[in-house]
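Chemist: Sending over a structure as structure tokens; questions will come in a sec.
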Amino acid sequence: MVLVAEESVTALTKAHALVRQYATGGAGTHARLLGVATVARVPGRRPQQVRQRRDVLAGLLDQIDGGASQMWSVPFIPGLTTVALDELPVWSLGEPPTTKKRPSPREAVPAAVAELGTELIDAARTQVAAWGRR
Numbered sequence: 103m104v105l106v107a108e109e110s111v112t113a114l115t116k117a118h119a120l121v122r123q124y125a126t127g128g129a130g131t132h133a134r135l136l137g138v139a140t141v142a143r144v145p146g147r148r149p150q151q152v153r154q155r156r157d158v159l160a161g162l163l164d165q166i167d168g169g170a171s172q173m174w175s176v177p178f179i180p181g182l183t184t185v186a187l188d189e190l191p192v193w194s195l196g197e198p199p200t201t202k203k204r205p206s207p208r209e210a211v212p213a214a215v216a217e218l219g220t221e222l223i224d225a226a227r228t229q230v231a232a233w234g235r236r
């Protein structure tokens, strides 16, 4: 599983609680945490409180499952929050990223989102292979 949280103190605190729950077996014996993806709420540099919460969460991820869980970040994408889920374009592994500098979220999957998709699939493949060796 991958937890997704916006980069706010409230959301990162909730994500931290969920990761702690996972670490103590509260997610069930068959659940596996690939990591946490955070999504920037605003453009620019993260506020200090958000950076600190994110760093604490990353530290917790390093301590569980032998450090196998990862942390990803999606930058702020203008217009993304104004598009309904069923209006977003679909991404597929191996699909070339858009060449447009700033495509509309309705036109093309943003490069940062496509990159995250590739990294998530790679992480899943790595963890599945590791679990098979146990």
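Numbering (the working numbering), first residue to last: 103 to 236.
C-beta atoms are modelled at their ideal positions from N, C-alpha and C, and glycine is treated no differently.
Per DSSP, what are the beta-bridge partners of E108 in this structure?
Modeler: Here residue 108 refers to the residue found at position 6 when the sequence shown is read from its first residue. DSSP, once it has assigned bridges, lists V141 as partnering E108.
Chemist: Can you round the beta-carbon distance between A117 and L136 to whole angstroms, since I take them to be within the 8 Å contact cut?
Modeler: To locate residue 117, count along the sequence shown from 1; it is residue 15. To locate residue 136, count along the sequence shown from 1; it is residue 34. At roughly 13 Å, the Cβ-Cβ gap does not stay under 8 Å, so A117 and L136 are not in contact.
Chemist: Could you check which residue in A160, L120 and Q229 has the C-alpha nearest to that of W174?
Modeler: Translated into the one-based positions of the sequence shown, residue 174 becomes position 72. The shortest C-alpha separation from W174 is found at A160.
Chemist: In the DSSP assignment, the alpha helix (DSSP H) including W233 goes from what residue to what residue?
Modeler: Position 131 of the sequence shown, counting from 1, holds the residue named residue 233. Element bounds for W233: A213 to G234.
Chemist: Taking 9 Å as the threshold (C-beta atoms), are V121 and L163 in contact?
Modeler: In the sequence shown, residue 163 corresponds to position 61, counting from 1. In the sequence shown, residue 121 corresponds to position 19, counting from 1. In this structure, V121 lies closer than 9 Å to L163 by Cβ.
Chemist: Under 8 Å: do the stretch 187-197 and the stretch 208-224 share three or more Cβ pairs, one atom per stretch?
Modeler: yes
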